Each structure stands twice: as structure tokens, then as C-alpha cells.
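Engineer: Protein chains in written order, with the numbering used here: chain A, 1 to 432; chain B, 433 to 1051. Ideal placement from N, C-alpha and C gives every residue a C-beta, glycine not left out. Computed from a prediction, not measured in an experiment: that's the story for all the values here.
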Amino acid sequence: MRSENSYFYGIDRLTVLIYLLLVVMGWLNVYAAVYDEKHAVIFDISQKYGKQLIWILGAFILAIIILIIDAGFFTSFAYPIYALLLIANILVVFIGKEIKGSRSWFRVGDIGVQPAEFIKFAIGLALAKFLSNQVLHDAKSVKGILKSFWVQRNTWFAMLFFVVPLLAIKILQNETGLALVLTAFIIVLYREGLNVNYILFGFFIIVIFIFSLSYSPIIITLSSIGLFLFFLLFIQRNFKNLTRWVLALGFSIMLVFGSNEMYNRLLPHQRTRMDVLLGRGSVNLKKEGYNVNQAKIAIGSGGLFGKGYLQGTQTKYHFVPEQETDFIFCTVGEEWGFLGSIIVIALHFTLIIRIITLAERQRSDYSRIYGYAVASILFFHVTVNIGMALGLLPVIGIPLPFFSYGGSSIWAFTVLLFIFIKLDASRLLILR
Amino acid sequence: MSRNAYLIGRKFYIISFFLLIAVVYTLRLAYIQLWDDSYDLAAKNNALRRMVEYPFRGYIIDRNGKPIVQNEPSFDLMVTPKEIQNCDTLALCKLLEITKTEFLKRIKKAIQAPNSPIKPSTFEKQMSFTNYARISESLFKFKGFYFQKRSLRKYFKPVAAHVLGYVGEVSKEKALADPYYKEGDYIGISGIERSYEAELRGKKGIQYLVTDVHNKIIGPYRNGTWDTLAVPGNNLYASLDIDLQEYGEQLLRGKTGAIVAIEPETGEILALISSPNYDPNSLIGGKQRNQTFARLNKDSTLPLLNRALQGAYPPGSTFKLLGALIAQHDGLINRTTVFPCRGGYPPLNGKPKCHAHGVVNLPGSVAQSCNSYYAYVFKTIVDQNRFKSVYDGYNHWRDMVMSFGPGHHLGTDLPYDKPGNVPKAEYYDKIFGKGAWRPNTVVSLGIGQAELLLVPLQMANIISIIANKGYYFTPHVIKGIGTKHAIDKKFKTQHWAAVTDTNYYNMVIDGMQQCFENGTAAAEKISGIIACGKTGTAENPHGKDHSVFVGFAPRHHPKIVLACIVENAGWGGTWAAPIVSLMMERYLTGKVVRLDKEKRIMETAIKVPVKSIRKKRSA
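So, in C-alpha cells, the structure goes:
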């Protein structure tokens, strides 16, 4: 055993091992995705895989620096770090360069940094700081709307920690994907006592939204009324809470008709993404449906063992756009097949669940909450990224953690993860 | 920590939810990667371009090793519209000898569906070698154009068009139904080309090239490990004697009709002639073929009809041979049997009529072709005491006749043969009423008239049976395939007719020999060859009688069997008999000494009334 004074004492080896595996596999897949026989050397820094290697080495240095820093630093400076990054995310709109309609990049020469990637760990720190030593109050027993609202004030305040940057990133920077990621913090709030009804309510709205886009509002309305009557007459059989149920039904019907209105207010490309996913209207596989279709073809053609490394025809000849970034999972699916794909999925989920397990063993609320923040963010990225490649979720351009090409993304994830590794390593030293 | 201890349980919900997603994704992956293989196909279509190398079609060689059909390279000019760059249209038009409007029209066609701007389509089909040589020299200047090598058929002699058939572009329906063919591929459409398509076509070679998203060719896929070379088609060894075929066609020149020659001991078809015919070379190549085909199709003499297989004729007196065999088999007549003939069939007041001849026994009745004799023979067969009704008797006669081949497809290896017709008893019920007809009502069947119809191939096959004294091999035109020389077993199987006793055959053969010596074909005797034959005159409701002759030679160990019909040429002895006799002489001796006869026949044309042909077209 190394000495207790070593900077690396107590770090969770399994987590670090999975991290390293993912980073290396990601790099190999970026190489495959961008592969070009003219520049076959994997260290060629004029190519994306060469650059990715530099990002990776940089990430390792960042990881080491984080491990060297005292864990107390992150607890003490949680709010200043958060404030700094929030300001950066607003400043970027004025200083940053516009790329593809969004202003989210600080650019210095060839190197760009996306502050929206980094705010995730800052929100995690700030949220952990805010929520430690307090329970989110449940307003179940409180009568009166205003009063119950007031009782739950710390819940609302906690939500502001990620809702404010979410709005900044969505509205100011126009980065829908990176903004949506921040909703993952709801999972943290849930763990810390958020009433489960809020989550069910959100889920309910999403379900109705999707259903009312897929079927005509009339059908949904009629079937809701049918279900409602069935429920009243055969399950409930007592009409004590009748007003409440009728109100709920009325709300759902409003939502059904409102959904179409909401849908119509989406931006055209977002609308087509929804259409592609739901198979609404006529989806042209050469235009709006192209990405998802080609992604599915790439993955689907992989079979059990895949076509072999660098043998993927879809991958090699660039049929899938954005393959080295948002659609990197296609390379895995095509070249490594079903086996490779489930290994990648398994690694990611093992990492996430490992983090939750570690979080739960923390003595300090701070470390636990931060751990949940890391797990939630990773979960959201993995689920949405792979889900869209598999055609299960709409196309939302967010990277696959540790895999996708991009310096900001890999650095941000490294910082996010290693702060937790450091907190965990110091768990015996940090009091709650 | 203790304050929110009750929340610890929530970690299980969270973990369960995460794991649920992982499971759903795994199942989804399993579905699209392991279960649904449409994606695999889509990937191949996406990135791989199949370049087809067309194989050489197999040659066809005659029984003496003379080539009949070979190939000539031809070149299709292909264009991929998307790849055209800085094209000097004017220079290209000049090179191809087309106008600019024509050029633009073709490019437009190549862009529109079912073609595609990113896929190669044919710009000009089947260019000759000289044009190819001239154009390919400067084709490199025109990006997007390239030559695709194909091969065209080449016929050494302008003969045997009906037997050989022709090759043409595959139909849309066939291309959809059979995965081997793509639109624009060639396929045998008739004759040998059709029935032996699978042997002749060979195997297309396929080269897989990888393309990128812009359809640009990157290189061979997996270093060409999946590529296959084109395998040339098998050569076919035809049983045809191409010289005899040519000679027969010359003899039938200007006349309408058919000749079938078969080697009886094998069933190999030596010649199969249908007249009028056409030069098979005129049905090669896209444009030329379409024009010729349209012309031939409109021609009122029906040159596309293969009369040897599809022309159903009344066999006339040649059918008497079967009557003689069946009656002997049933024990009703023997060599010495005599029937009255008073210029016709006495029970029906001299109908059918007969010509003047002496009293004839069985062989004599064949040699003199006595109508009355065979009317009696027919009546006797149907009216046998053992039969309870005319139906039993008639059906017995019909079964016996059909065992010699008439009334059904012979199963030859050439497509589209007709079965002919031996009427069913029900047919006469319809005409005369149930039970209201007697053997004498339909007695003209006995002399090969009435509704009885045979195709010339069936006539020749009957003579094969007689020459073999009881059996035949299914007539076929291909005797060997590729290097193994193996043909379908069904052509090597003896089929026995219902009459098997050699003596009965000898009796009939005696008569057929007399036919050449002092009978109806006495004028066609070939010196040095004992030939056997039988004349026929098929009454024809649409005009003059058809002249029919069947025969074989030599009598012992027969080498060739022949059946010939010349439409509207009158009595069998005048046209069909000399043609058969000349063919025999030519085949057996290798030359013809009766040059006057040959000249007379070759130079005479016999017109066929249009009405008679219309009838055939509608039949």
C-alpha cells in the first residue's frame, strides 16, 4: 500500500479503471470514425484522432491536478466556482464566436472551449453545498397553496441552481442539447427528498405530449374520458374525490390540445426531429430522416461480432454525419457489433452505478449529493446519446461521455468525475 | 444523515430505473443488430457498388463439330450523369455521331427514374468493335462515360433460326422474379437459347467496390476477397447436322411447311426446319432486333412460327401406319387380310374416296395408301366385340394412338411445342349428340383426317417408333453439355408404344418399302439405299391439300427418320416425298446426284392463301 499521505491514497480503482477503458476505447473509435488512409498514423495531430489524444493527455493532467488539490477546496469554493462558470456562460454570448447558429464557444486560435460543458460540475458542487444539512420539505400536510409553496422554498431555490444556467444555455447560447442535460439534476433532488409526484407529473406531461403528437387529439380525449369513467365506475367506486379527478381529466385534455400548439411552436428542425422519432407524416430518409436512418443502418449492419476494427463501411465512408462526436456509438455498433456495443453500455452503466454506490457510502451529505450529480449527468448523456443512435429518442446533440471527440467534453467529464473520486478518496477526512 | 435516512430507499428506485434503461437498450441493440437484417442490406447498398462482369455465353456446336453459334464482343457506352465534368458536349456528339438534342435526351433519361444520376446507365447499346475502338481512344476526355463489355451472338450460317432461338433483354417481370437477372440483362427468349439458358448464360462476375457517401469509388472491398470472376457458359453440343439443316431449308425455300429429321436409335434431332424462316443474325443487337422483330411479327406468312413444333396439321394417309399397327396388335388383321375397295369405302357409299389400285393385302394397302382399307381398319378396331359400347372402343383406339405420341407434348428440349389433338369421345358427343355416333360417323379419323391434328415432330416420332420397331427416345436437339457431355436422363430413356411386336412392324415396314419401290413414292427411289416411306395428303378446308411424307432409311439399321409437310402443295408424292428422298440421299451419302429434281424443288415457290394463315394465327 502506498502511504496515506500520497495524493492517490484511497481513490476508487474500479472507477478509474473504467474511466481509462472508456477513454481509450473512445479514442480508438474516433480514429475509426475519422480514419483516412492518407493519414493513417493514429498520432497525426493534424487529424481529429491526433488532437483527441492531446485532449486525453490534457484530461489526465487535469485529473492529477484535481487529485492533488485538497478536497476541502471544492467544498469551500463551491459557490465561487459556480458563479464564475455562470458568468462565463453568459459572457460567451458576447465574446464567443457563432458556430452553426449557437454562441457557446470561447475561441483562442484553433482551440475552443465550451463553458456549457463545464458548468455541470459547478452546478453539482453548488447544489451539494446548498443541499447538505437540509431536507427538501414535503408539503403534504400543509393546507393552502401559498403556504405549501413557502414551505417548499428550499426546493425551488435548489432548482434555480440548474434552471438558471439551463435557460442561459438554451436561450442565450441556443444549445438545446447541453441545456436539456441539466434537467438530470432532478434525480439528485429526488434522492434528497423531492416529492415523487413532481417527477410523475413531468413524466405524465411528456407521455401526453408524445401521444397527442402521434394520435389525433380527439382520439386521445375520448380514450382519456373512457379510461376516466372506467376508473371511476370500476376501480374507484367512491366519488369522494370527484372534483379532483374531474379537474385532472380537464387538465389532461387541455394538455392534449396544448401539445399540438407547443409542437407548432418548436423550431422547424426540432419539429422534424420529433417527426422522425415518432414516424409522423412523411419522413424523407434522404433529408430529415437521414441521420437517424444512417445511424441505425450502421449499427444494425454490425451483427453479433461487428465488421471488425476499421472495417465498417458506413463508418469509414462517412455515411453518418457527426460520427466522431454525437454519433460515435454508430462506429462501436458497426465495427464491434452487438458484443462491443453491450460492453460499452455495460461499462457506462457499471460506472454510473458504481458512483451511486460510492455516493451512498459517503459520510458527508456534500459528497453524496455531488456523487449523485455526477451519476445523473453521466446517465442523461449516455441514455440520450445512445438512445438517439438507436432511434429511440429524438436527435439531441450531446456527446457520449469519454467517447465523443471534443476537448471540452472530455475535459469537463474528467473534471466532473475526478472531483468525485477525490471527494470519495477523502471521505474519511471530510466531516459532514 | 439520520434525518433523511428514510430517503436511502430511493437509491434502489434510481438504480432500478438506470438498469431498466440499460436493459431496454440492450434489447433494442439485439433487435437491430441480430434480429432485423434489413440494416445489413441497407449498409451494403449504401457503400458497395457491384460492378458486373458479363460472362461469355456458351457456344453451340453441331453434331460434326461445326460451330453454329459463337459470340462477338460488343460494347455498351455507359454514363454516370453525376460524374460528368467539363464535358465538351459538341466533341462527344461528333464522336458518337448524334445530335445535341439526342445527347440531352439520353442524359435526361439516364437521370430520371428508374435510372439515377449517381448510378451508371446505358448511353448507347451494343456498339460495334470498330466504333468502340474509335471512340475509346478519346473517351478519357469525357468524365463519367465508360464502356461496359458485353457479348453478342454470332451465327455462322443464316440457318436454324427457329431451333436456336434468340437472345434479348430480360422482361421486367422476369427480372423482378429471378434474382440472377437485372433489368438490361440478356436472356434466351426462344429455342435452344431459352431452354438451355441456365447452361448457356454462365455466371456473372461481380466486383465489389467501396464507394463513399458521394458515390465516389474508393477501391475494392476487402481487397477483393468477395469478388468473383465471370464464369463462361457451357458449350452445347447440338445433335443438329448443320449442313443437312441448311440443305433442308434450301429445299423448302419459297414454300410453307416443315421438315423434321431424327436419328431413331437416339432420338437426336438432325434437322428441324420451318419455312418461311429468317436469318438469326438479323435478331442480334438492340435496335436492329427490334426493327426486324416488328417486321417479322407483322409478316402475313408468320416466319416467327416454328411450324415443326407448333404447326398442327392433319397427318393424312401417313396416319394409316398406326391403324395397321393397332389392328394387328388387336389380332384383327394379318398380312393377308383384304378389305373391299370400290373407289371408296363401300359402307358409306364410297366415302372416303379412293384411287384406282388392285386388290391389296396389308403391306400393299400401305404402299398404295388405300382409303377404304383403313376406314375398315378403324371401324374394326372400334367395333371389337369385347367392347360394350362405341365409347370403350373409341377410347381404346385413342389410347393406342396416343401411346405413339399424338395428343400430348412430347417433352422435347425445345420450348413451345404444341400437343396436337386426338379428339375425345366427349367432343363427338357434343357434335352428334350423346350416343348418336358410330365408328362410321368418324371413320375419316382412320385415314388421318377430321379433327386429328399432329405437329411434324410427332409425325417424325411415330416413324422413329416404326424404325425402332416399338420404342422411341424423346426427340431432343442437344446431345451434350459442357465438358461433361451429360444431358437430362429423360432423353436416354426408352419409351415404348402400345404395339411392341416386331412382326407387326415388319409388316408395315414392308409396305413402306414397297411405297418407294412400286407404291405412291416410286418416283423417289434412291439408288443404293433401301428407303421406307409413306405419302400423305392432308385435306385442308382452307385451300389446296397439304403434301405430307414420312419415311426412314436405310431399312436395316435406320439412320434417319424424316417427316415433311408442304402446305397447300397438293398430293404427298409430288412435293413432300421428293424433299424427304433428297434429304435421305444427302444425309446418307453426303451428296445428291439427282440434281434436276433438286433444282426443280429448290426453285419452285408455292403460295399459301392468306385465309389459311389467318386461321393459323388465331389458333
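1) Could you spell out the range, first to last residue, of the beta strand (DSSP E) harbouring Arg107 (chain A)?
2) Determine whether the beta carbon atoms of Lys589 (chain B) and Glu678 (chain B) lie at a separation below 8 Å.
3) Please look up how many angstroms separate the CB atoms of Ser804 (chain B) and Thr952 (chain B), rounded, as I've assumed it's under 8 Å.
4) Please report whether the beta-carbon of Phe327 (chain A) lies at a distance below 8 Å from any beta-carbon of chain B.
5) Using a Cβ-Cβ cutoff of less than 8 Å, which residues in the same chain neighbour Thr724 (chain B) once the five nearest sequence positions on both sides are dropped?
6) When the Cα atoms are used, what is the spatial distance from Gly914 (chain B) to Phe984 (chain B)?
7) Closest to Ile418 (chain B) by CA distance: which of B:Leu753, B:Ser671, B:Glu515, B:Lys606 is it?
8) Do you know how far the Cα of Asn385 (chain A) is from the Cα of Leu393 (chain A)?
9) Does Lys551 (chain B) have its Cβ less than 8 Å from a Cβ in chain A?
10) Between A:Ile377, A:Gly406, A:Pro401, which has its C-alpha nearest Gly124 (chain A)'s C-alpha?
11) Establish whether the CB of Lys129 (chain A) and some CB of chain B are separated by less than 8 Å.
12) Measure the C-alpha to C-alpha separation of Gly226 (chain A) and Ile219 (chain A) and round it to an integer number of angstroms.
13) Tell me which residues share the same chain as Thr768 (chain B) and place their Cβ nearer than 6 Å to its Cβ, disregarding the 5 neighbours each side in the sequence.
14) On the premise that Gly391 (chain A) lies in contact with Tyr471 (chain B), defined as a C-beta separation below 8 Å, what is that separation, rounded to the nearest angstrom?
15) Looking at chain A, is there any beta carbon in it that lies within less than 8 Å of the beta carbon of Phe450 (chain B)?
16) For the beta strand (DSSP E) containing Cys996 (chain B), name the first residue and the last one.
17) Give a yes or no on whether the minimum CB-CB distance between Gln1135 (chain B) and chain A is below 8 Å.
18) By DSSP, does Trp1007 (chain B) sit in helix, in strand, or in coil?
19) Could you please tell me which residues of the stretch 502-524 of chain B, in chain order, have their CB closer than 7 Å to any CB of chain A?
20) With respect to the beta strand (DSSP E) encompassing Cys964 (chain B), which residues constitute its N-terminal and C-terminal limits?
21) How about the stretch 905-914 of chain B and the stretch 814-822 of chain B: do they share at least three Cβ pairs that are nearer than 8 Å?
22) Which residues in the same chain have their Cβ closer than 6 Å to the Cβ of Glu192 (chain A), if we skip the five residues on either side of it in sequence?
23) Can you list, in chain order, the residues of its chain with a C-beta nearer than 6 Å to that of Ile355 (chain A)? Leave out the 5 residues immediately preceding and following it.
24) What residues in the stretch 186-197 of chain A have a beta carbon less than 8 Å from any beta carbon of chain B?
25) Grouping DSSP H, G and I as helix and E and B as strand, with all else coil, what is Ala1052 (chain B)?
26) If you measure between the beta carbons of Ile297 (chain A) and Asn29 (chain A), is that distance less than 8 Å?
27) Less than 6 Å between C-beta atoms, sequence neighbours within five positions excluded: which residues of the same chain meet that for Ile701 (chain B)?
28) Can you grab the Cα-Cα spacing for the pair Gly865 (chain B) / Tyr826 (chain B), in whole Å?
29) Listed from N- to C-terminal order along the chain, which residues in the stretch 385-408 of chain A have their beta-carbon within a distance smaller than 9 Å of any beta-carbon of chain B?
30) Quick one, are the C-beta atoms of Leu661 (chain B) and Arg489 (chain B) less than 8 Å apart?
31) Is DSSP giving Val1040 (chain B) helix, strand or coil here?
32) Determine, for Lys296 (chain A), whether the minimum Cβ-Cβ distance to residues of chain B falls below 8 Å.
33) In three-state terms, what does DSSP make of Ala985 (chain B)?
34) Decide if Pro552 (chain B) is buried, meaning its Cβ has at least 16 other Cβ atoms within 10 Å, or exposed.
35) Would you call the stretch 507-518 of chain B and the stretch 548-566 of chain B in contact, with 3 or more CB pairs under 8 Å?
36) Tell me the DSSP secondary structure of Tyr587 (chain B) in three-state form.
Structural biologist: With the structure as the only source:
1) In the first sequence, counting from the first residue as 1, residue 107 (chain A) sits at position 107. Its beta strand (DSSP E) spans residues 102-108.
2) Taking the second sequence and counting its residues from 1, the one referred to as residue 589 (chain B) is at position 157. Taking the second sequence and counting its residues from 1, the one referred to as residue 678 (chain B) is at position 246. For Lys589 (chain B) and Glu678 (chain B), yes; Cβs fall inside 8 Å.
3) Along the second sequence, one-based indexing puts residue 804 (chain B) at 372. Along the second sequence, one-based indexing puts residue 952 (chain B) at 520. About 15 Å; that fails the 8 Å criterion.
4) On the first sequence, position 327 is the one that residue 327 (chain A) refers to. No, no contact with chain B.
5) Reading the second sequence from its first residue, position 292 is the one you call residue 724 (chain B). Excluding positions up to five away in sequence, the list reads Tyr710, Ser714, Leu715.
6) Taking the first residue of the second sequence as position 1, residue 914 (chain B) is located at position 482. Taking the first residue of the second sequence as position 1, residue 984 (chain B) is located at position 552. Approximately 31 Å, taken between the alpha carbons.
7) Beyond the ends of chain B as shown, which are 433 and 1051, falls residue 418 (chain B); an answer cannot be given.
8) Here residue 393 (chain A) is taken as the residue at index 393 of the first sequence, counted from 1. Here residue 385 (chain A) is taken as the residue at index 385 of the first sequence, counted from 1. Those two C-alpha atoms are separated by around 9 Å.
9) In the second sequence, residue 551 (chain B) corresponds to position 119, counting from 1. For Lys551 (chain B), the answer is no, since every Cβ of chain A falls outside 8 Å of its Cβ.
10) As a working mapping, residue 124 (chain A) is identified with position 124 in the first sequence. For Gly124 (chain A), the nearest C-alpha among the options comes from A:Ile377.
11) Translated into the one-based positions of the first sequence, residue 129 (chain A) becomes position 129. Answer no: the Cβ-Cβ gap between Lys129 (chain A) and chain B never drops below 8 Å.
12) Working through the first sequence from its first residue, we reach residue 226 (chain A) at position 226. Working through the first sequence from its first residue, we reach residue 219 (chain A) at position 219. Approximately 10 Å between the Cα atoms of the pair.
13) For the purposes of this step, residue 768 (chain B) is taken as the residue at position 336 of the second sequence. Closer than 6 Å at Cβ, skipping near neighbours: Asn793.
14) Stepping through the second sequence from its first residue, residue 471 (chain B) is reached at position 39. Stepping through the first sequence from its first residue, residue 391 (chain A) is reached at position 391. Not confirmed; about 11 Å, so no contact.
15) Numbered from 1 along the second sequence, position 18 holds the residue referred to as residue 450 (chain B). Yes - at least one Cβ of chain A is within 8 Å of the one on Phe450 (chain B).
16) By 1-based counting over the second sequence, the position of residue 996 (chain B) is 564. Where Cys996 (chain B) is concerned, the enclosing beta strand (DSSP E) stretches over 992-998.
17) Past the boundaries of the shown model lies residue 1135 (chain B); chain B is included only from 433 to 1051, so the question cannot be answered.
18) Within the second sequence, numbered from 1, the residue matching residue 1007 (chain B) stands at position 575. Note: Trp1007 (chain B) maps to coil in three-state DSSP.
19) none
20) On the second sequence, residue 964 (chain B) is found 532 positions in, with the first residue counted as 1. Residues 964-970.
21) no
22) Position 192 of the first sequence, counted from the first residue, corresponds to residue 192 (chain A). Excluding positions up to five away in sequence, the list reads Leu131, Leu136.
23) In the first sequence, the residue the question calls residue 355 (chain A) occupies position 355. Here the set comprises Gly371, Val374, Ala375.
24) Ile187, Tyr190, Arg191, Glu192, Gly193
25) Outside the displayed span of chain B (433 to 1051) sits residue 1052 (chain B), for which this structure offers no information.
26) As a first step, residue 297 (chain A) must be located in the first sequence, where it is residue number 297. As a first step, residue 29 (chain A) must be located in the first sequence, where it is residue number 29. Their beta carbons are not under 8 Å apart, which means Ile297 (chain A) does not touch Asn29 (chain A) by this criterion.
27) For the purposes of this step, residue 701 (chain B) is taken as the residue at position 269 of the second sequence. Closer than 6 Å at Cβ, skipping near neighbours: Ser671, Ile694, Pro907, Val909.
28) The residue given as residue 865 (chain B) occupies position 433 in the second sequence. The residue given as residue 826 (chain B) occupies position 394 in the second sequence. Cα-Cα distance, rounded: 15 Å.
29) Ile386, Gly387, Leu390, Gly391, Leu392
30) Taking the second sequence and counting its residues from 1, one reaches residue 661 (chain B) at position 229. Taking the second sequence and counting its residues from 1, one reaches residue 489 (chain B) at position 57. No, the pair does not count as a contact, with Cβ atoms beyond the cut-off.
31) Here residue 1040 (chain B) corresponds to residue number 608 of the second sequence, with the count starting at 1. In this structure, Val1040 (chain B) counts as coil in the three-state DSSP scheme.
32) Counting from one through the first sequence, the residue named residue 296 (chain A) turns up at place 296. Yes, contact with chain B.
33) Walking along the second sequence from the start, residue 985 (chain B) turns up at place 553. Reduced to three states, the DSSP call for Ala985 (chain B) is strand.
34) By one-based count along the second sequence, residue 552 (chain B) stands at place 120. Counting Cβ neighbours within 10 Å, Pro552 (chain B) comes out buried, since at least 16 surround it.
35) yes
36) Stepping through the second sequence from its first residue, residue 587 (chain B) is reached at position 155. Note: Tyr587 (chain B) maps to strand in three-state DSSP.
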